[in-house]
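K.L.:
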Amino acid sequence: DQQVKQNSPSLSVQEGRISILNCDYTNSMFDYFLWYKKYPAEGPTFLISISSIKDKNEDGRFTVFLNKSAKHLSLHIVPSQPGDSAVYFCAARLTGTASKLTFGTGTRLQVTL
Amino acid sequence: NAGVMQNPRHLVRRRGQEARLRCSPMKGHSHVYWYRQLPEEGLKFMVYLQKENIIDESGMPKERFSAEFPKEGPSILRIQQVVRGDSAAYFCASSPGRTLADTQYFGPGTRLTVL
C-alpha cells in the first residue's frame, strides 16, 4: 500500500525554467512533509519541509505547496539549474510522532542546457 | 562539522554470512533511523532507535535482522544469514530528538551485495 505517491518517474526541464515535482498522499494522519534530493551513490539531502498548518513554504529557489483537501503537495524549483539534476523524494510523517518517514518512489529530474 | 557517517560504504557477502552495518549520528543527535532502498524503489523505514532503546521496529523483517544503538559507539544494523534479496542500499539518518518537527539527516549509505 503506497501511501505516498510520486506518479512521474522522470521529468526533463530546460535550464532557467521552472521545475514542478508532484506528490500525492492517501493518509490524512500525515501532518509534516519533506522533500529530499538524492544524487547517485549518495544519501538523501534535505531540501525543504512544510507543516500541515501551512500551505506554502519558501527557501530560495525552492517552494513547497501543500493542498490538504486534495492530499497533494508540489515542489517548485525556479530557476532550474543543471546541478538540480537528481532524484527527488517526497516524504511524510504521521501526526504527533518523531518517528519514521514514509517516502514516495522518487522523480528523476533532468535539467538540460 | 561531520554529518552522519556510515561504514562500510560497500559490503559484499556470500549467502549465509552475516552483515554488520554501522552508523554514527551527527554530533548532538540522539535519534537514529535505518531505511532500506531496493533498486528503483523509494526508501522504506526499518527501525527507529534512541540510545539503548528501540522505539519503533515496525519495518524490520521478523527474522535475521536486528538493530542496536548502545550507550557508547555507533548504531549497528545486523543481518544474519544474508540472502540475495537483502541486496540493497541501507541508509541511516539521525535527528536531535528535541522536537517533533526535527529533520532527519541521512548518511551516504551502505550498499550491500549478496552473492
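Taken in sequence, the protein lines are chains A and B. For the first sequence, this note's numbering gives the first residue as 74, with consecutive numbering after it. For the second sequence, this note's numbering gives the first residue as 1140, with consecutive numbering after it. For every residue, glycine included, the Cβ atom is placed at its ideal position computed from N, Cα and C. Note that this is a predicted model, so its numbers are computed, not measured.
(1) Arg1161/B to Thr180/A, Cα distance in whole Å?
(2) Rounded to whole angstroms, what's the CA-CA distance from Gln76/A to Gly1181/B? Just pull it up for me.
(3) For Phe138/A, decide whether its Cβ has a neighbour in chain B, counting only Cβ atoms nearer than 7 Å.
(4) From Pro82/A to Met1165/B, what does the alpha carbon distance come to, in whole angstroms?
(5) Could you give the C-beta distance for Val1143/B and Tyr1244/B, rounded to a whole number, given that I count them as a contact under 8 Å?
(6) Would DSSP call Arg1161/B helix, strand or coil?
(7) Of all the options Arg1217/B, Val1221/B, Glu1211/B, Pro1200/B, which has the alpha carbon lying nearest to the alpha carbon of Lys1190/B?
(8) Decide yes or no for the touch test of the region 98-106 of chain A against the region 122-129 of chain A: beta carbon pairs closer than 8 Å, at least 3 of them.
(9) Within its chain, find whatever has a CB closer than 8 Å to the CB of Pro1178/B; leave out the 5 residues flanking it on each side and keep chain order.
(10) In three-state terms, what does DSSP make of Arg1152/B?
(11) Below 8 Å, how does it come out for the region 144-155 of chain A and the region 82-101 of chain A: are there three or more Cβ pairs, yes or no?
(12) Near Phe119/A, which residues of its chain fall below 7 Å by C-beta distance, leaving aside the five closest residues on each side in sequence?
(13) Output the boundary residues of the beta strand (DSSP E) element that contains Thr185/A.
(14) Excluding the 5 residues flanking Thr136/A on each side, which residues of the same chain have their C-beta closer than 6 Å to its C-beta?
P.N.:
Here's the rundown:
(1) When rounded, the distance between both Cα atoms is 29 Å.
(2) Pairing Gln76/A with Gly1181/B, the inter-Cα distance amounts to about 12 Å.
(3) No - not a single Cβ of chain B is within 7 Å of the one on Phe138/A.
(4) If you draw a straight line from the Cα of Pro82/A to the Cα of Met1165/B, it comes to about 31 Å.
(5) About 6 Å separates the CB atoms of Val1143/B and Tyr1244/B; that is less than 8 Å, so the two are in contact.
(6) DSSP places Arg1161/B in strand when its eight states are reduced to three.
(7) Here the closest residue by C-alpha is Glu1211/B.
(8) Under the 8 Å Cβ criterion, the region 98-106 of chain A counts as touching the region 122-129 of chain A, having at least three qualifying pairs.
(9) Taking C-beta separations shorter than 8 Å and ignoring five residues to either side along the sequence, the partners of Pro1178/B in its chain run Ala1227, following chain order.
(10) Arg1152/B: strand per DSSP, three-state reduction.
(11) By the Cβ test, the region 144-155 of chain A is in contact with the region 82-101 of chain A, since at least three Cβ pairs between them sit closer than 8 Å.
(12) Only Leu107, Tyr109 meet the Cβ criterion.
(13) From DSSP, the beta strand (DSSP E) with Thr185/A extends over 180-185.
(14) Here the set comprises His149.
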